[in-house]
Amino acid sequence: MPKTEGDLLGRDFARRLRAELARVRPRYSSPRYMSPVRNPLRFAPVALCAALAGILALSGFMATGSPNPVVWTQRVVTVIEAPSSTGAPPPAQDEHEPGPAAAPSHEAESKASRDGSEPREPPEAAEPPEAAESPEPAESPEPGESAEPTDDHSGSGGG
Amino acid sequence: MSEPSDEYRPGSKEDFDRLYRTSYPRVYRTLAAILSDPEAAEDCTQDAFVQAFQAWKRWRPDAPAEAWVHRIAVNRAISYRRSAKLRSLGEIMRRLGRPTPTADPADAAVRSDLLTALRALPPRLSAAIVLRHYHGYNNREIAAALGVSERTVGTRLHQAGEMLRVVLGTSFQPGAAEAFPSDNRERYAKD
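Sequence lines, in order, name chains A and B.
First residue of the first sequence? That's 772 in the working numbering, and the numbers climb one at a time after it.
First residue of the second sequence? That's 1251 in the working numbering, and the numbers climb one at a time after it.
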């Protein structure tokens, strides 16, 4: 059998390598690929949603004091409507707003007087008028600053 | 390689079990020659088979299955050594002032001049050496296992031979490039 220089060198080295690696005993553990896939991030979206829902529920409970989500939504509507109505300071709109805003307040007062004998069901229905009442503090200083409301009063009084 | 690749069917669980039984000790020994830690060799070997199993349906029989697993395992070992380098500084800092941990007698058998020299090489070079001289792969099979061209395999074998010759002295003689024939395939190890 012809032996090349490469064979001799290779076999010499290979013999040593074989001897060394033969002493290496493979550690046999259970095949990891057979175990079920354990992806630690598999439940991450669910955990994130649950955490967000928990935070939302907790904050809703803290803000309203009620565990009822319906109350939370009503509270949110109330809070959102209040800044939107107070955040519209143009005087041209203020001339038209006092009418509609004043009407619900009278209605609320009349309802409150009527519901005095009724059980507690109306308070939820009476909350929207409260939201309508909130613009009143914003309206009261503005008419004082401008002379337009006085003109209206003088005009109405004179006519 | 121990079995022809056409005996394996992609996606077949039974065939992958057979590939695992056949190739695990060979892949483990390859990584044991690259990594100095037996536990790391086992861990990387297991990880390689997990990755291979996940991609088993996509495996194409144009490359030998064991070379394919070797490719995954060597890449895993390279990643491990890369991250181990980053951890080494922290380990040194942590062990400062503490007594040196006693060596595991079982690990002592793994340490030798030859394996120490192999582990000192870049993992791509030591992998080429082990695949050639321990597993008996030819250049084409090493190229398939490492994902490089046959020309690159020849270059790596030459570089590894030169470096080992310097470290081991008499184990290698001049003409290291010819010490790694690409045409004469020999099977040195039969597990």
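Even for Gly, the Cβ is constructed at its ideal location relative to N, Cα and C.
Remember, it's a predicted structure, so these values are computed and weren't measured experimentally.
Beta carbon of residue i nearer than 8 Å to that of residue j
| i | j | result |
| --- | --- | --- |
| residue 1265(B) | residue 1271(B) | no |
| residue 789(A) | residue 1292(B) | no |
| residue 1394(B) | residue 1314(B) | yes |
| residue 1322(B) | residue 1374(B) | no |
| residue 1268(B) | residue 1385(B) | no |
| residue 1296(B) | residue 787(A) | no |
| residue 1306(B) | residue 1261(B) | yes |
| residue 1369(B) | residue 1285(B) | yes |
| residue 1367(B) | residue 792(A) | no |
| residue 1326(B) | residue 1298(B) | yes |
| residue 795(A) | residue 1382(B) | no |
| residue 1388(B) | residue 1404(B) | no |
| residue 1379(B) | residue 1396(B) | no |
| residue 1364(B) | residue 1281(B) | no |
| residue 846(A) | residue 834(A) | yes |
| residue 1371(B) | residue 1410(B) | yes |
| residue 831(A) | residue 843(A) | yes |
| residue 1316(B) | residue 1362(B) | no |
Residue-chain proximity (residue i, chain B), Cβ-Cβ < 8 Å
| i | result |
| --- | --- |
| residue 942(A) | Any property of residue 942(A) remains undetermined from this structure, which presents chain A solely from 772 to 930. |
| residue 832(A) | no |
| residue 827(A) | no |
| residue 896(A) | Note that residue 896(A) scores a pLDDT of 46, beneath 50, so its modelled location is shaky and nothing firm can be said. |
| residue 784(A) | yes |
| residue 902(A) | Bear in mind that the predicted position of residue 902(A) carries a pLDDT of just 47, short of 50, making it unreliable; the figure below should be weighed with that in mind. So, not an interface residue. |
Residue i: CB within 7 Å of a non-hydrogen atom of the ligand ATP
| i | result |
| --- | --- |
| residue 843(A) | For the structure depicted, the ligand ATP is absent and the ligand set is empty, with no information on it obtainable. |
CB contact below 8 Å: residue i versus chain A
| i | result |
| --- | --- |
| residue 1330(B) | no |
| residue 1445(B) | Here chain B comprises residues numbered 1251 to 1441, so residue 1445(B) is not present and cannot be evaluated. |
| residue 1274(B) | yes |
| residue 1270(B) | yes |
| residue 1384(B) | yes |
| residue 1292(B) | yes |
| residue 1315(B) | no |
| residue 1365(B) | yes |
| residue 1262(B) | no |
| residue 1323(B) | no |
| residue 1377(B) | no |
| residue 1283(B) | yes |
| residue 1288(B) | yes |
| residue 1265(B) | no |
| residue 1359(B) | Only weak support exists for where residue 1359(B) lies, its pLDDT of 48 falling under 50; the coordinates are left without a value. |
| residue 1257(B) | no |
The alpha helix (DSSP H) enclosing residue i, as first and last residue numbers
| i | result |
| --- | --- |
| residue 1273(B) | 1263-1284 |
| residue 1373(B) | 1373-1383 |
| residue 1419(B) | No alpha helix (DSSP H) holds residue 1419(B); DSSP gives it neither H nor E. |
| residue 1389(B) | 1389-1396 |
| residue 1289(B) | 1288-1304 |
| residue 817(A) | 815-835 |
| residue 1367(B) | 1363-1370 |
Short CB-CB distance (under 8 Å) between residue i and chain D
| i | result |
| --- | --- |
| residue 1278(B) | Although the question refers to chain D, the structure presented lacks it and instead comprises the protein chains A and B. |
| chain B contacts from the segment 791-808 of chain A (Cβ-Cβ distance under 7 Å) | 791, 792, 794, 795, 797, 798, 800, 802, 803 and 804
| task | With 9 Å as the C-beta to C-beta threshold (strictly closer), list the residues of the segment 1388-1417 of chain B near chain A in chain order. | result | From the segment 1388-1417 of chain B, only 1411 and 1414 have a Cβ closer than 9 Å to chain A.
| task | May I ask you to list, following chain order, the residues of the segment 1300-1312 of chain B that have a beta carbon less than 7 Å from some beta carbon of chain A? | result | 1300 and 1303
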